[in-house]
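Just so you know, the protein sequences line up as chains A and P, in that order.
Numbering that gives the first Met the number 0 applies: residue 0 is where the first sequence begins, and numbers increase by one.
Numbering that gives the first Met the number 0 applies: residue 0 is where the second sequence begins, and numbers increase by one.
Ideal Cβ placement from N, Cα and C applies to all residues, glycine included.
Owing to the predicted nature of the structure, the values given are computational and were not obtained by experimental measurement.
Number of protein chains: 2
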Amino acid sequence: MATTDSVRVRVFSLNCWGIRYLSKHCHQRYAMIGDMLCKEEHDIVLLQEVWSEKDYLSLKKKLASSHLYSHYFKSGVIGSGLAIFSKHRIHDTFLYRYSLNGYPYMAHHGDWFGGKAVGMAVLSIGSLTAKVYVTHLHAEYCREKDSYLPHRVVQAWELQQFVRHTSAGADVVILGGDLNMHPQDLGNRLLRSYTGLRDSYLETDTFDGCEDGLTLIADNPFISKKELVPFEKGIRIDYILFKGCPQIDIFCDSMSTTKGSVPDQLFPYSDHEALTAELRLESHTPPETGRDKLSKNQDSAAGKVAELVDIVTEARTEVKVGLHCAESMRYTATRTGAMGLALLFLELAIAAVPWLALGAEQPFPRTSFYLLAALCCAILLTTSLLYVFYTMELKSLQGAEDQMRLAVGSLQEKLRGFPVAQPPNVQQKPPEGQEPSAFDPEE
Amino acid sequence: MATTDSVRVRVFSLNCWGIRYLSKHCHQRYAMIGDMLCKEEHDIVLLQEVWSEKDYLSLKKKLASSHLYSHYFKSGVIGSGLAIFSKHRIHDTFLYRYSLNGYPYMAHHGDWFGGKAVGMAVLSIGSLTAKVYVTHLHAEYCREKDSYLPHRVVQAWELQQFVRHTSAGADVVILGGDLNMHPQDLGNRLLRSYTGLRDSYLETDTFDGCEDGLTLIADNPFISKKELVPFEKGIRIDYILFKGCPQIDIFCDSMSTTKGSVPDQLFPYSDHEALTAELRLESHTPPETGRDKLSKNQDSAAGKVAELVDIVTEARTEVKVGLHCAESMRYTATRTGAMGLALLFLELAIAAVPWLALGAEQPFPRTSFYLLAALCCAILLTTSLLYVFYTMELKSLQGAEDQMRLAVGSLQEKLRGFPVAQPPNVQQKPPEGQEPSAFDPEE
């Protein structure tokens, strides 16, 4: 391991709410954000909802001297809205598009068109390799009756998979973004338990910001109070998460959020609060673990695996609810399509009567005939598109459910392998250079 | 590193051509495939084009005793067609859907509906962790005028990214599947150079199979000779690739393919030939490298990076061709849509004349009016869908192009860092437990 005594990394994350012409004061807010970033010179800036590439490019221009490296993640119809600016060299980027992301016909929610994804960048921080992730999950429009919950759970599942499988070998892992999940929500527990990522708000020594670390607050002038009910003060849905590796300890020295306004400005940067975390990376040699400590570690690891089994089982249940719902939607589409087809045949049959029985009068006024036929065709087309869409949704849900079943099986087998007395095989610390077992929650 | 003297792993790969009711003798061929797999007991079986889940399930039933573990990767409308059977425990699976995969309106080619992807499975082979990939890239329908080339290049790019980023820390990496690329095709070079994966056909000590390792041959009764022109004998597009890690050497002891027929059977397993590779894994301690060897290694590494720059640059050019094409298609869709809209307005304006100038006669026969309006609406709807689709294609192409530009920049910087005399920083062997630099071709 390279000799790094102590490296400080300042990470910034903000959902910019950057819908051109629709978001209030969009242009001015970008100008404010650019000025602030230029002045603050964070090491890593993770932005979400930068929907227009033009805004990204103008930010890039402004930050050309403070942040030499940047990347804009493109995806879907509009884009992923994800951008990263960095003072450290970006070597490589990779994008994973979530397989589920709402419905195209829910155009007023717009999530589907955004092509929600998680973007990864490989950075060199001194001699260390950092894998930095930025993401934005599907919004929650109604907590009481959240029809997107299965989609968000699958997104969280895919996010933890992506982070877990791509971060092996990295010295530092940092994830920032708008997860659209409360701290104790299922998807959040899934992500944190599986990847071992730690929440900078919970880990920080000193915190300066909104009460309880809220990031969507009632005091923000862009927020309608109605949306927040029943959480009067606000909710915490934006995060900066991190973890080190066996050779690198990572600490959050301080964390802050904006508080719904910006000094000397008329309005805040966005409808979300901005997060800043100051991380400290310290290299160390993993201490030799004595027998007692090993046994203690085993107990705690077994506890973690058991907890993980519970969480994944809960997630499976949620995905099954989604499956059931998608199946019934597809059934409805099929039935409606069949009715449209039947109606079309009926109409054609009635219209064919005069041809068959020569002399009989055409029973249809022409206009009604064409209107009805057009209606039938429109129904058929729409239901066909919906059928294709729901089939894709079903496949994705089934795929996630399969993976979760496999994961629970593997976890349960691991759990059975934790004996009380003798140090088991699975618990042996993997040798350096080898990835720990795929389901080690501390991986 | 665990002590493994020598572990043998037999890997099988086959494109099953499993389109129910369309592929010839589909049912009987699956029965043959199942019998053979049951008898041969390969360690790892990688199947493509298993389009029906029912066929997967019947294979699973048949292989229940020989291959305890299996996974079917679900994706897209029909599925990814990818399946894996294993004698070794599958701990975890993950699926990456390629961002580009043909066009939905090219229904007769059908690739879009398949949801092409790369599936990964994490296996324990004894004490070793193996990451096994199975994939199937977009077909090549016409080599002379291959309109899908940019899509396939982007798929190869995403495939190498996925393998590279998810395989860090694995002891063994195995990739099998139908790449739909000739050995020296751009995408194949991109994949092999970037990931360091080796081709079992080129590496094997003994080979038994079709001449030149061909996997789509003229002698196969399911192949129409016309499709193969100008490659009379056939082409090699199916592969088993592999690599080890610093502590594990991997060798291909033998390799074989079927030869267009199966003894005592009326027809072969598929229109593709089946591949079997016998791999031998040997643990070893990386030798200390002397100064001379280091310098030699440097030269070879610099050469590889330079080669990689050329390949990525070539890929960028190909993606740009695709971008240009997608842009012009989107422009055509926009123009056609605008004409449809103009026609609709014109029609409405003419029809409105009688209302405005009372008493004037309605210039339209009703039937023509409704037919024309329906036509305009159909044009508008179709062109809107195409516009959305091409925009998504553009975003994906742009995204890949951005990533490639970044990669070339990083590679060039690395190249500049290779001095002649003094051992440079980049060339230092990364310490165990740490991932090598993101662009090490040997990674």
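Is the region 112-126 of chain A touching the region 93-104 of chain A in the sense that three or more CB pairs, one from each, lie closer than 8 angstroms?
Taking a cut-off of 8 angstroms on C-beta distances, the region 93-104 of chain A touches the region 112-126 of chain A, as three or more cross pairs fall below it.
Neighbourhood of Arg9(P) by C-beta distance below 6 angstroms, restricted to the same chain and skipping five residues each side:
Numbered from its first residue, the second sequence carries residue 9(P) at position 10. Counting only Cβ-Cβ distances below 6 angstroms, and skipping sequence neighbours, we find His41, Asp42 and Glu277.
Contacts around Val261(A), its chain only, beta-carbon distance under 6 angstroms, and the 5 residues preceding and following it disregarded
One-based indexing of the first sequence puts residue 261(A) at position 262. Pro267.
Quick one: is Gln426(A) near chain P, going by C-beta distance under 7 angstroms?
Here residue 426(A) refers to the residue found at position 427 when the first sequence is read from its first residue. Reliability of the predicted coordinates at Gln426(A) is poor, the pLDDT of 38 falling under 50, and no value is obtained from them.
Based on the DSSP output, what are the partners of Ala116(A) in its beta bridges?
The count along the first sequence starts at 1 and reaches residue 116(A) at position 117. Arg96(A).
Sheet register partners of Thr134(P) (DSSP bridge)
For the purposes of this step, residue 134(P) is taken as the residue at position 135 of the second sequence. Paired residues: Val117(P) and Gly176(P).
Do you know how far the Cα of Phe230(P) is from the Cα of Asp237(P)?
For the purposes of this step, residue 237(P) is identified with residue 238 of the second sequence, where counting begins at 1. For the purposes of this step, residue 230(P) is identified with residue 231 of the second sequence, where counting begins at 1. Roughly 16 angstroms separates the two Cα atoms.
Which value, in whole angstroms, describes the spacing of the CA atoms of His323(P) and Tyr193(A)?
As a first step, residue 323(P) must be located in the second sequence, where it is residue number 324. As a first step, residue 193(A) must be located in the first sequence, where it is residue number 194. So the two alpha carbons sit approximately 42 angstroms from each other.
Listing by chain order, which chain P residues have their CB less than 7 angstroms from the CB of Gly78(A)?
Locating residue 78(A) in the first sequence gives position 79, counting from the first residue. Per Cβ cutoff of 7 angstroms: Lys394.
Pull up the distance between the alpha-carbon of Ala420(P) and that of Ala301(P), whole angstroms please.
Counting from one through the second sequence, the residue named residue 420(P) turns up at place 421. Counting from one through the second sequence, the residue named residue 301(P) turns up at place 302. Note that Ala420(P) scores a pLDDT of 40, beneath 50, so its modelled location is shaky and nothing firm can be said.
Excluding sequence positions up to five away, which residues of its chain have a Cβ less than 7 angstroms from the Cβ of Asn179(A)?
For the purposes of this step, residue 179(A) is taken as residue 180 along the first sequence, with counting starting at 1. Same-chain partners within the cutoff: Leu136, His137, Ala138, Glu139, Arg151 and Ile236.
Taking 7 angstroms as the threshold (C-beta atoms), are Gly398(A) and Lys59(P) in contact?
For the purposes of this step, residue 59(P) is taken as residue 60 along the second sequence, with counting starting at 1. For the purposes of this step, residue 398(A) is taken as residue 399 along the first sequence, with counting starting at 1. No, the pair does not count as a contact, with Cβ atoms beyond the cut-off.
Minimum C-alpha distance to Lys130(A) - residue among Ile89(A), Asn187(A), Leu13(A) and Arg315(A)
Counted from its first residue, the first sequence places residue 130(A) at position 131. Measuring C-alpha to C-alpha distances from Lys130(A) to each of Ile89(A), Asn187(A), Leu13(A) and Arg315(A) identifies Ile89(A) as the nearest.
Residue-chain proximity (Ala167(A), chain P), Cβ-Cβ < 7 angstroms:
Looking up residue 167(A) in the first sequence gives position 168. By this cut-off, Ala167(A) is an interface position.
Simplified DSSP state of Lys242(P), which is helix, strand or coil
Within the second sequence, residue 242(P) is the residue found at index 243, counting from 1. If DSSP states are grouped into helix, strand and coil, Lys242(P) belongs with the strands.
Run through chain P and tell me which residues come within less than 9 angstroms of Gly17(A), C-beta to C-beta.
As a working note, residue 17(A) is residue 18 in the first sequence. Those within 9 angstroms of Gly17(A) in chain P number zero; the least Cβ separation is about 17 angstroms.
Report the rounded CA-to-CA distance for Thr275(P) versus Cys15(P), giving the unit in angstroms.
Here residue 275(P) is taken as the residue at index 276 of the second sequence, counted from 1. Here residue 15(P) is taken as the residue at index 16 of the second sequence, counted from 1. Those two C-alpha atoms are separated by around 14 angstroms.
Residues in the same chain with beta-carbon distance under 8 angstroms from Gln264(P), minus the five sequence neighbours each way, listed in chain order, please.
What you label residue 264(P) is simply residue 265 of the second sequence in a count that begins at 1. If we look at Gln264(P) and ignore the five residues flanking it on each side, its Cβ neighbours are Met31.
Beta strand (DSSP E) segments (min. 3 residues) lying fully within the region 140-197 of chain A:
171-177
Taking its Cβ as the centre, do 16 or more other Cβ atoms sit within 10 Å of Phe344(P), making it buried, or is it exposed?
The residue labelled residue 344(P) in the question sits at position 345 within the second sequence. Looking at its Cβ environment, which holds fewer than 16 other Cβ atoms inside 10 Å, Phe344(P) is exposed.
Excluding five sequence neighbours on each side, which residues of the same chain lie with their C-beta closer than 7 angstroms to the C-beta of Leu148(A)?
Residue 148(A) sits at position 149 when you count from the first residue of the first sequence. These residues qualify, in order along the chain: Glu317.
Is there a C-beta anywhere in chain A that falls below 7 angstroms from the one on Tyr369(P)?
In the second sequence, counting from the first residue as 1, residue 369(P) sits at position 370. Yes - at least one Cβ of chain A is within 7 angstroms of the one on Tyr369(P).
Nearest by alpha-carbon distance to Gly75(P): which of Asp54(A), Glu412(A), Leu393(A) and Phe417(A) is it?
Position 76 of the second sequence, counted from the first residue, corresponds to residue 75(P). When each option's Cα is compared against that of Gly75(P), the closest is Leu393(A).
For the region 383-407 of chain A, which residues have a CB atom closer than 8 angstroms to at least one CB atom of chain P, in sequence order?
Val387, Thr390, Met391, Lys394, Ser395, Gln397, Gly398, Asp401, Gln402, Leu405 and Ala406
Range covered by the alpha helix (DSSP H) that runs through Cys376(P):
On the second sequence, residue 376(P) is found 377 positions in, with the first residue counted as 1. First-last of the alpha helix (DSSP H) with Cys376(P): Arg365 to Arg415.
When Cβ atoms are compared, which residues of the region 83-117 of chain P fall closer than 9 angstroms to chain A?
The region 83-117 of chain P vs chain A, Cβ under 9 angstroms: Arg88, Ile89, His90, Asp91, Thr92, Phe93, Leu94, Tyr95, Arg96, Ser98, Pro103, Phe112 and Gly114.
Can you tell me whether Cys251(A) is helix, strand or coil according to DSSP?
Sequence index remark: in the first sequence, residue 251(A) carries index 252 (1-based). Judged by DSSP in its simplified three-state form, Cys251(A) adopts strand.
I'd like to know if Ala120(A) contacts chain P, where contact means its C-beta is closer than 7 angstroms to some C-beta of that chain.
Numbered from 1 along the first sequence, position 121 holds the residue referred to as residue 120(A). Answer no: the Cβ-Cβ gap between Ala120(A) and chain P never drops below 7 angstroms.
Alpha carbon to alpha carbon, how far is Arg315(A) from Lys144(A)?
Along the first sequence, read from residue 1 onward, the residue named residue 315(A) stands at position 316. Along the first sequence, read from residue 1 onward, the residue named residue 144(A) stands at position 145. If you take the alpha carbons of Arg315(A) and Lys144(A), they lie about 19 angstroms apart.
DSSP-derived helix/strand/coil call for Pro435(A)
In the first sequence, the residue the question calls residue 435(A) occupies position 436. With a pLDDT of 39 at Pro435(A), under the threshold of 50, the predicted position of this residue should be treated as unreliable, though the coordinate-derived value follows. Per DSSP, reduced to three states, the secondary structure at Pro435(A) is coil, with no helix or strand assignment.
Tell me which residues share the same chain as Ile18(A) and place their Cβ nearer than 6 angstroms to its Cβ, disregarding the 5 neighbours each side in the sequence.
Taking the first residue of the first sequence as position 1, residue 18(A) is located at position 19. These residues qualify, in order along the chain: Trp50.
To which residues does DSSP link Asn14(A) through a beta bridge?
Walking along the first sequence from the start, residue 14(A) turns up at place 15. Its beta-bridge partners are Gln47(A).
Using the C-alpha atoms, what's the distance from Val320(P) back to Asp4(A)?
Your numbering for residue 4(A) matches position 5 in the first sequence. Your numbering for residue 320(P) matches position 321 in the second sequence. So the two alpha carbons sit approximately 49 angstroms from each other.
Give me, in chain order, the residues of the same chain whose beta-carbon lies closer than 8 angstroms to that of Lys23(A); leave out the 5 immediate sequence neighbours on both sides.
By 1-based counting over the first sequence, the position of residue 23(A) is 24. Counting only residues of its own chain and dropping the five nearest sequence neighbours on each side, Lys23(A) has a CB closer than 8 angstroms to the CB of Phe221 and Phe266.
Is DSSP giving Ser327(A) helix, strand or coil here?
The residue given as residue 327(A) occupies position 328 in the first sequence. Annotated three-state conformation of Ser327(A) is helix, per DSSP.
Candidates His87(A), Asp110(A) and Tyr104(A), of which the one nearest Leu122(A) by Cα
Mapped onto the first sequence, residue 122(A) falls at position 123. If we check each option's Cα against that of Leu122(A), His87(A) comes out closest.
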